[in-house]
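Chains as they are written, first to last, in this note's numbering: chain X, 10 to 840; chain F, 30 to 204.
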């Protein structure tokens, strides 16, 4: 025999462990299932009730869904009420598929004549659950009940209609007159729901708002009647006549009066009456006042009324109750755009709220403070914002940093103050700001030469004092500045023109010590380490001392690092320190030109487009170390040149990139322009090998490698490649018919082995169109002399730029795969 | 509108949940976890800004927290809109203070109905608490401001329940 609901609840509550509870529930569930299966009529609503309890505890209850659908159709009221409708609303929701099955029962119940309560249950369910499909079927029945003789049914119908309208907004148009009729009702319940219904129609279908304008006088009259009404115990709360209805009315009036002079005119008086006559010592009164202020601000109200509203908010702000203060801050945020002066008057109080222990209040106050900042008060307000940053929860810090940097950007009185503030912010919350803020700080420092020394000294000291628990972004900025302006650290720097305080000079050993600490810090990421390496590299150039320390530091990194990035970087740098490349070094490590934000953004895009947007931030340190562009390139090419190092250390990847570029014909500009840069700018610097990109290549790759790019030049023949017995000769033939140049690549095999699976690939800069024909054979047999060839058609669309090509040759010899790469730039002029 | 209403005990046990927006079971569990207000000091305000465009209004009565979730004006571009049709510029913000008053109304009705209500009443008669809630709110909107009206309706419906039980010869009597 099944137990009663009460007994089940008691049994569950008596359980001492979760396991016991599960056992009780499992047993009961099994019993309920059996009862459902056996169709035990007598206890089925009790079983569903028990199931509801089980559902509330979080156990699965889906097997009861069908049972509750059955019980809705039951003629027995208790079954219908508890096991049918209550279960329907608890067990099912809008997304449950079986819900459509209930539509018909709902329709029957909506038309129920005998009992208002049955209709009420059906309307409640429609209001809480209806889907768009159900809405379409039931809208007419629900709307019919708006005209019911019973207020109980009318109010429920109004709310059910809101639900249907939210699912299918166009329904509203059909019932406008019936909806408007509701505001003549006498029952407060119906009035509240009707006003709410109209508000929702206005939100969902703004174009219908014209039709509701004629209701303004009756709404105003209703509100006035409420105010003048004597005591009515049924609806009063703390001596205030039905605050719920008043608030709803004010909300609706605000919507109707928005951008409508006539309607606003009609409601001015009553709003003034509400604003002056409402008691404020209870929450209900404040709720009304708050809504009234919102209404005054929303409509085209008289200026006197607006002043009154702002004063009410000012009074709210001084209230001791935190709820009221929150509300005041919240609404002042909306007023601030219209009347800054009025809000400025309360600035002290608002700043006080920033220190409140309650996070809701602090957030609101912060929002408001942010809006209040102008060039006169920026110093004071930013100081307060930074103070708040110290106590702000980590999840709010990022937003706050963004806000601070935004106002600093807009209103900073001097660039020194700006840099100081940004540094201060980074030192508080550097872990939470995004990279753009660090970049911004760096770019502001670069922009003003007067600040170089000051900022570097300051950052150096911060870094020294705060290690090892320094904020990561601060660390990056500091390391970058120390690298870039490290020479300034050797001289002392005045803090201020007037003050006697100075930053004392720092020794080289100190600087190196700091950087070494950074490298060893547990906070240091790969990014930090590459910043540091680059900084060291720059310092080697800036400080005129022996380079041994630098090299040893870098080598330590080089020896221990598992990161490919760092490994390669340190290799490159160590090779560059070789006196042979002193000249290149000097050029490479000149000071950075000032960067503006636009450029930074562009570079981000660039690097993103080149590397398939992996991690733009990762690439940032690089752009700092190639200032040679200063000489002959606009700043935007910085990254392109930067790419050279990539192309050298990761030739494979790079070539592949280019392959993709040229074959797919897509426009990876930066990638291919690279070639131009290599050939046009660098040749004069290091004419030794003709290809400076290979300088470092050579130095890095210890294996002996003959320089492949010593191409021989013939009138129409170019020897493009010669190595290990493989020679490629290119015959250039101008095709008069289609202005293209045919390049016939002939492959010579001077060895005694066959070159199997021979693949020849070529890449060209973007301004050259290329078309590759298949090779005449897939392998080059031993001692063949140009038997195998492949035709490449080229067209140089920009004759001013030289024609050039990168080659990749791949073949198998004796089961061993060989991959070779080369560049061909010595095409005769005119092609 | 009210998106959902939760009754949570001071120990963090959920006593009653009512959802006016549809959420998946998983989401519901997450919301119940997230919307917890137990850590707030008594003097703090009763509102918490929650997610991008919601706010939680709560109030503690003895050992029970009553938690409502209302709409808040979006400050930044909305990431996902619950109301697809909400046109820009319409400020559909709930009045927090009146939401508090609605919670209070619910509590008062419960109190009169059960006669000095306590947490146990709600545990053992959860279905009745739901009936009362359904007489006060539909579709997340207030339905009736008169306590007397709600109480008389509930009384009448309870009477109907008893009558039909007696008719049915005490079948499945639950008390």
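Here a beta-carbon is modelled for each residue, glycine too, at the ideal position from N, C-alpha and C.
As the structure is a computational prediction, the values presented were derived from the model and not from experiment.
Residue-level contact to chain F via CB, residue i, 8 angstroms cutoff
i, result
"residue 406 (chain X)", "no"
"residue 497 (chain X)", "no"
"residue 253 (chain X)", "yes"
"residue 86 (chain X)", "yes"
"residue 122 (chain X)", "no"
"residue 641 (chain X)", "In this predicted model, residue 641 (chain X) has a pLDDT of only 35, less than 50, meaning its place in the structure is not dependable; the value taken from the coordinates is given anyway. No, no contact with chain F."
"residue 65 (chain X)", "yes"
"residue 397 (chain X)", "no"
"residue 464 (chain X)", "no"
"residue 205 (chain X)", "yes"
"residue 367 (chain X)", "yes"
Burial state of residue i, where buried means 16 or more other Cβ atoms lie within 10 Å
i, result
"residue 828 (chain X)", "exposed"
"residue 30 (chain F)", "buried"
"residue 149 (chain F)", "exposed"
"residue 833 (chain X)", "buried"
"residue 147 (chain F)", "exposed"
"residue 144 (chain X)", "buried"
"residue 95 (chain F)", "buried"
"residue 242 (chain X)", "exposed"
"residue 75 (chain X)", "exposed"
"residue 474 (chain X)", "exposed"
"residue 453 (chain X)", "buried"
"residue 393 (chain X)", "buried"
"residue 168 (chain F)", "buried"
Cutoff 8 angstroms: residue i Cβ touching any chain X Cβ
i, result
"residue 126 (chain F)", "yes"
"residue 98 (chain F)", "no"
"residue 31 (chain F)", "no"
"residue 34 (chain F)", "no"
"residue 49 (chain F)", "yes"
"residue 76 (chain F)", "yes"
"residue 68 (chain F)", "no"
"residue 180 (chain F)", "no"
"residue 81 (chain F)", "no"
"residue 159 (chain F)", "yes"
"residue 152 (chain F)", "yes"
"residue 193 (chain F)", "yes"
"residue 173 (chain F)", "yes"
Residue closest to residue i, alpha-carbon to alpha-carbon, out of the options
i, options, result
"residue 416 (chain X)", "X:383, X:834 and X:436", "X:383"
"residue 777 (chain X)", "X:805, X:282 and X:388", "X:805"
"residue 784 (chain X)", "X:193, X:818, X:830 and X:810", "X:818"
"residue 71 (chain F)", "F:82, F:47, F:39 and F:130", "F:39"
"residue 128 (chain X)", "X:166, X:181 and X:46", "X:166"
"residue 66 (chain F)", "F:172, F:42 and F:138", "F:42"
Range of the contiguous alpha helix (DSSP H) that encloses residue i
i, result
"residue 414 (chain X)", "403 to 420"
"residue 46 (chain F)", "Taken as a continuous stretch (DSSP letters only), residue 46 (chain F) belongs to no alpha helix (DSSP H), being part of the beta strand (DSSP E) at 43 to 48."
"residue 6 (chain X)", "Summary: the structure shown does not reach residue 6 (chain X), with chain X confined to residues 10 through 840, and so no result is reported for it."
"residue 438 (chain X)", "424 to 438"
"residue 155 (chain F)", "155 to 165"
"residue 729 (chain X)", "Note, residue 729 (chain X): premise wrong, no alpha helix (DSSP H); beta strand (DSSP E) at 726 to 732."
Element boundaries [beta strand (DSSP E), containing residue i]
i, result
"residue 98 (chain F)", "93 to 100"
"residue 34 (chain F)", "33 to 38"
"residue 742 (chain X)", "735 to 743"
"residue 827 (chain X)", "825 to 833"
"residue 289 (chain X)", "Looking at the DSSP string, residue 289 (chain X) is not in any beta strand (DSSP E), and its letter there is neither H nor E."
"residue 751 (chain X)", "750 to 758"
"residue 85 (chain F)", "83 to 90"
"residue 820 (chain X)", "814 to 822"
"residue 798 (chain X)", "794 to 805"
Within the region 489 to 559 of chain X, ranges of the alpha helix (DSSP H) (whole runs, at least 4 residues): 517 to 529 and 535 to 551
In chain order, each beta strand (DSSP E) run of at least 3 residues that lies wholly inside the region 40 to 99 of chain X: None, since the region 40 to 99 of chain X contains no complete beta strand (DSSP E) of that length.
Ranges of the alpha helix (DSSP H) found wholly within the region 96 to 136 of chain X, counting only runs of at least 4: 96 to 100 and 112 to 119
Contained beta strand (DSSP E) runs [length at least 3] in the region 326 to 410 of chain X, N- to C-terminal order: none
Any alpha helix (DSSP H) of 4 or more consecutive residues that is wholly inside the region 195 to 219 of chain X: With a minimum length of 4 residues, the continuous alpha helix (DSSP H) runs that stay inside the region 195 to 219 of chain X are 197 to 213.
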